[in-house]
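Number of protein chains: 2
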Amino acid sequence: MVTTGGPPTVETIAERAGVSIASVSRVLNGHGARPETVRRVERAAAEVGYVPNAVARSLKGGRTRQLTFAMQDIGNPVYVAMVRQIQTIAKAQGYRLLLHSTDAVAEDELAVVRSLADRTSDGLILCPIRITPEHLEALRTAAQPVVVIGSLPEDDAPVDSVRADSVTGAELAVRHLVATGRRRIAFVNGPADTVPGRNRRRGYHRALEVSGLTADPDLVETTEFTVEDGARSVHRLLDRHGDGADGGTGGARGPGVDAVFCANDQLALGASQALHSRGLRIPEDVAVVGMDDTVLVRAGWPPLTSVDLGSAERGRIAAEMLLERIAGQEPQTPPRVRTVTPELVVRASSAPANSPSPTSSSSPSPANSSPSPGEEAP
Amino acid sequence: MVTTGGPPTVETIAERAGVSIASVSRVLNGHGARPETVRRVERAAAEVGYVPNAVARSLKGGRTRQLTFAMQDIGNPVYVAMVRQIQTIAKAQGYRLLLHSTDAVAEDELAVVRSLADRTSDGLILCPIRITPEHLEALRTAAQPVVVIGSLPEDDAPVDSVRADSVTGAELAVRHLVATGRRRIAFVNGPADTVPGRNRRRGYHRALEVSGLTADPDLVETTEFTVEDGARSVHRLLDRHGDGADGGTGGARGPGVDAVFCANDQLALGASQALHSRGLRIPEDVAVVGMDDTVLVRAGWPPLTSVDLGSAERGRIAAEMLLERIAGQEPQTPPRVRTVTPELVVRASSAPANSPSPTSSSSPSPANSSPSPGEEAP
DNA sequence: GGAGAAGCTGGAAACGTTTACAGCCACGGC
DNA sequence: GCCGTGGCTGTAAACGTTTCCAGCTTCTCC
Numbered sequence: 003m004v005t006t007g008g009p010p011t012v013e014t015i016a017e018r019a020g021v022s023i024a025s026v027s028r029v030l031n032g033h034g035a036r037p038e039t040v041r042r043v044e045r046a047a048a049e050v051g052y053v054p055n056a057v058a059r060s061l062k063g064g065r066t067r068q069l070t071f072a073m074q075d076i077g078n079p080v081y082v083a084m085v086r087q088i089q090t091i092a093k094a095q096g097y098r099l100l101l102h103s104t105d106a107v108a109e110d111e112l113a114v115v116r117s118l119a120d121r122t123s124d125g126l127i128l129c130p131i132r133i134t135p136e137h138l139e140a141l142r143t144a145a146q147p148v149v150v151i152g153s154l155p156e157d158d159a160p161v162d163s164v165r166a167d168s169v170t171g172a173e174l175a176v177r178h179l180v181a182t183g184r185r186r187i188a189f190v191n192g193p194a195d196t197v198p199g200r201n202r203r204r205g206y207h208r209a210l211e212v213s214g215l216t217a218d219p220d221l222v223e224t225t226e227f228t229v230e231d232g233a234r235s236v237h238r239l240l241d242r243h244g245d246g247a248d249g250g251t252g253g254a255r256g257p258g259v260d261a262v263f264c265a266n267d268q269l270a271l272g273a274s275q276a277l278h279s280r281g282l283r284i285p286e287d288v289a290v291v292g293m294d295d296t297v298l299v300r301a302g303w304p305p306l307t308s309v310d311l312g313s314a315e316r317g318r319i320a321a322e323m324l325l326e327r328i329a330g331q332e333p334q335t336p337p338r339v340r341t342v343t344p345e346l347v348v349r350a351s352s353a354p355a356n357s358p359s360p361t362s363s364s365s366p367s368p369a370n371s372s373p374s375p376g377e378e379a380p
Numbered sequence: 003m004v005t006t007g008g009p010p011t012v013e014t015i016a017e018r019a020g021v022s023i024a025s026v027s028r029v030l031n032g033h034g035a036r037p038e039t040v041r042r043v044e045r046a047a048a049e050v051g052y053v054p055n056a057v058a059r060s061l062k063g064g065r066t067r068q069l070t071f072a073m074q075d076i077g078n079p080v081y082v083a084m085v086r087q088i089q090t091i092a093k094a095q096g097y098r099l100l101l102h103s104t105d106a107v108a109e110d111e112l113a114v115v116r117s118l119a120d121r122t123s124d125g126l127i128l129c130p131i132r133i134t135p136e137h138l139e140a141l142r143t144a145a146q147p148v149v150v151i152g153s154l155p156e157d158d159a160p161v162d163s164v165r166a167d168s169v170t171g172a173e174l175a176v177r178h179l180v181a182t183g184r185r186r187i188a189f190v191n192g193p194a195d196t197v198p199g200r201n202r203r204r205g206y207h208r209a210l211e212v213s214g215l216t217a218d219p220d221l222v223e224t225t226e227f228t229v230e231d232g233a234r235s236v237h238r239l240l241d242r243h244g245d246g247a248d249g250g251t252g253g254a255r256g257p258g259v260d261a262v263f264c265a266n267d268q269l270a271l272g273a274s275q276a277l278h279s280r281g282l283r284i285p286e287d288v289a290v291v292g293m294d295d296t297v298l299v300r301a302g303w304p305p306l307t308s309v310d311l312g313s314a315e316r317g318r319i320a321a322e323m324l325l326e327r328i329a330g331q332e333p334q335t336p337p338r339v340r341t342v343t344p345e346l347v348v349r350a351s352s353a354p355a356n357s358p359s360p361t362s363s364s365s366p367s368p369a370n371s372s373p374s375p376g377e378e379a380p
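These protein sequence lines are chains A and B, in that order. 380 is the number that the numbering used here gives the last residue of the first sequence; the numbers go up by one with no jumps. 380 is the number that the numbering used here gives the last residue of the second sequence; the numbers go up by one with no jumps.
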């Protein structure tokens, strides 16, 4: 009667092997038994194709062997890089990965943290865009270990975190542009009320300051983190400042723009396209630098200089921290904060204006503007 | 004593409210009770911040409310598009999404199908690259509903499937190229022993045949589905056939190539880059067409013409089919096969060679070759 | 006022596993 | 020959929930 429909259970095997369910469990978990018993149980299990019910196991053991990763949109290559690493680490340790796109809805992020209480997964890696007081409260009372990828207000929440240093990253990028002769460096930023947005702006200004350049608010665009917005922003910039190149409508009006620093690669790709469509050459007329060093840097032409903020590594570290936390006996070790150092990856899009760009042999059009408008014009 | 540490359970609430755990469960699931009972239970639950344990619920109910999606590599935008749709549908119906990258290891794919028996999820969406007899066997004996995204050998396995029609898709692309005046149409394909690889090749040949063009084996490259391989392949092609443009080393040797059809967008991006780096203009000298219509089409310049094989839609349909199957009472409805029709999305990269490309105003270099080498040269 | 119905309630079983505990057997040492 | 020991084994409890069933109260209707 136990052997009626439905998948085989320990009981099915116990009957078949003529032993108790306890022995079945012991044999199957390698807890030792008489050779004869082992033989019979293993044979019976193989015959019926037994697979232990993971749910029952989780209920008994209090572990689901599942991890949750929540980010705003899997469409963003940065998150893809993280997912990949997290999945790799998780799989290696026998954990499954639960994915959660929050679509940047703060309410949804909170729901994810709170839902830890339902014991669906053993821990959470959260990549929040904005941190509200509710977030902190939710994190403080989280029912399971959480690792945050991003910056938390000073040890206000007792959770581990991995952060990128995007202030330094942005600074690196802008100083690189300055070092290669650029002076009118525009900045296309993401939303100003997000942590990345704030930090990248800070880095931009810090670099300008260090370099002795004055910050021109007209050179800054604030928009969303998409390719299309990147293009639109650059069009607006050039409409305001003139092409600085072949005399677009505004060509005579201002000193132009000789570099565009974008707060991520999507924006940078959009920027490249806008520049192309106005007949401006990269990097001869305008240099472009992105951030995140995603697969997108090789998508456009020329390949984009970008700042690697260590997405993959942050994913890896977060997964490792979380698994340590889960395995940890002493639950009250203080929260750890790790920062990955950004790295500038120079590619053709930011080669100095007056040196021939080695890989970009396209656009053999005659130079139709001074290669580097400089600061002193007009 | 029950109220000792650990998260609150129905028992905690029952004690607090002075009722039985049965009443707690009934109230919490809205199964009706005396108003006074409802009030007390709800109050107690709120006070202790009770959240039902999903694992226990799954064990009792036999449903985990989890779906699994397995594909080879989340790095591929096609899969990202699918994941997005699947996650949206799943979330709307209260299901979580479990992600599984198989890294194209067939053994891993099998493991995923077999692991359905552990009751970790209620169903599987599988996106296999190659179908082996073991796959079919595993699918035939799968413990839970499976939907395959891709083509299965004639109803050999009793599972639902959603397929793209990439034969027709490839044909569309090539006929479009022919219609816009291209005659030397190269083909950069993915691995020949995969289903997509085979089908796209078939479509390519069919289109050539219909158009009365002879297939030149030297115009076909077979490689992996990556940007880098796309670039390498085009370099090989041009080394063999000459640029057909400004007299690269092989310029005088052959009729050249006036279009490259690539089996996916990654390859097409790589192709674009290779063409750029050889000083060839797109689309004036060579047209480029990709497949899948991923976000990558807007990443390069000019924007890529591509064939939308309906990745997102396939994801959506697969998720819907799976959920229907899971909810379905009668388990033995025959397997359904749905095919999404491909759609050609024309962009600048395949504009006719002799017409000015409207959006691509870059590369104002003088024409240094006949715009359309044609078939008859030299 | 009594009988029946209807609505709530609590006890207990069930989902499938792991594991604490106690019992059994055989064996060896005294 | 008896007892202690050690290795296996089976029974039963536990994980936290839902739900069947029986019993209780209360109400309605005659």
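By construction, the Cβ of each residue, glycine as well, lies at the ideal position given by its N, Cα and C atoms.
Taking only three categories from DSSP, how would you classify residue i?
i, result
"Gln68/B", "strand"
"His33/A", "coil"
"Ser359/A", "Its pLDDT being 45, under 50, Ser359/A is placed unreliably by the model, and nothing is read from it."
"Ala353/A", "coil"
"Glu44/B", "helix"
"Ser2/A", "Because chain A is modelled from 3 through 380, residue 2/A falls outside the range shown and cannot be assessed."
"Ser27/A", "helix"
"Val53/A", "coil"
"Val180/B", "helix"
"Val161/B", "coil"
"Ile91/B", "helix"
"Pro337/A", "coil"
"Pro155/A", "coil"
"Ala145/B", "coil"
"Thr327/A", "The question names Thr, yet the displayed sequence has Arg at residue 327/A. Of the three classes helix, strand and coil, the one that applies to Arg327/A here is helix, per DSSP."
"Pro79/A", "helix"
Taking the alpha helix (DSSP H) that residue i falls in, what are its first and last residues?
i, result
"Gly205/B", "197-213"
"Glu17/B", "12-19"
"Gly63/B", "56-63"
"Asp167/B", "No alpha helix (DSSP H) holds Asp167/B; DSSP gives it neither H nor E."
"Leu138/B", "135-142"
"Leu112/B", "108-116"
From the DSSP output, which residues share a beta bridge with residue i?
i, result
"Val342/A", "Ala166/A"
"Ala188/A", "Val262/A"
"Arg98/A", "Gln68/A"
"Thr224/B", "Asn191/B"
"Val347/B", "Ser308/B"
"Met73/A", "Ser103/A"
Would you mind reading off the limits of the beta strand (DSSP E) that contains residue i?
i, result
"Gly1/A", "Because chain A spans 3 through 380 in this model, residue 1/A falls outside it and cannot be assessed."
"Val149/B", "148-151"
**Report entry** Length-filtered (3 minimum) beta strand (DSSP E) runs lying within the stretch 241-319 of chain A
**Finding:** The stretch 241-319 of chain A contains these whole beta strand (DSSP E) runs: 261-264, 289-293, 307-310.
Query - chain B contacts made by the stretch 86-117 of chain A, where a contact means CB separation under 7 Å - result: Taking 7 Å as the upper bound on Cβ-Cβ separation, chain B lies near residues Arg86, Gln89, Arg98, Leu99, Leu100, Leu101, Ser103 of the stretch 86-117 of chain A.
Query raised in the report: Which residues, taken in chain order from the stretch 54-77 of chain B, show a beta carbon closer than 7 Å to some beta carbon of chain A?
Result: The residues in question are Pro54, Asn55, Ala56, Val57, Ala58, Ser60, Leu61, Thr66, Ile76, Gly77.
Requested in this report: Taking a Cβ distance cut-off of 9 Å, strictly less, list which residues of the stretch 296-307 of chain B are near chain A, in chain order.
Outcome: Result list: Val297, Leu298, Arg300, Ala301, Gly302, Trp303, Pro304, Pro305.
Query raised in the report: Taking a cut of 7 Å between CB atoms, which residues from the stretch 116-149 of chain A lie near chain B?
Result: Listed by position along the chain: Ala119, Asp120, Arg121, Thr122, Ala145.
Requested in this report: Quick one: which residues of the stretch 9-26 of chain B get their C-beta closer than 7 Å to a C-beta of chain A? List them in chain order.
Outcome: Here the close residues are Pro9.
Query raised in the report: What residues in the stretch 334-351 of chain A bring their beta carbon closer than 9 Å to a beta carbon of chain B?
Result: Answer in chain order: no residues at all.
Query - Interface positions of the stretch 258-278 of chain B facing chain A (Cβ-Cβ less than 8 Å), listed along the chain - result: Listed in sequence order: Leu271, Ser274, Gln275, His278.
Requested in this report: Could you run through the stretch 283-294 of chain A and flag, in chain order, every residue whose CB is less than 9 Å away from some CB of chain B?
Outcome: Contact residues of the stretch 283-294 of chain A toward chain B are Arg283 (C-beta to C-beta distance below 9 Å).
Report task. Output, in sequence order along the chain, the residues in the stretch 225-249 of chain B whose CB is closer than 7 Å to any CB in chain A. Result -> So the close ones are Val229.
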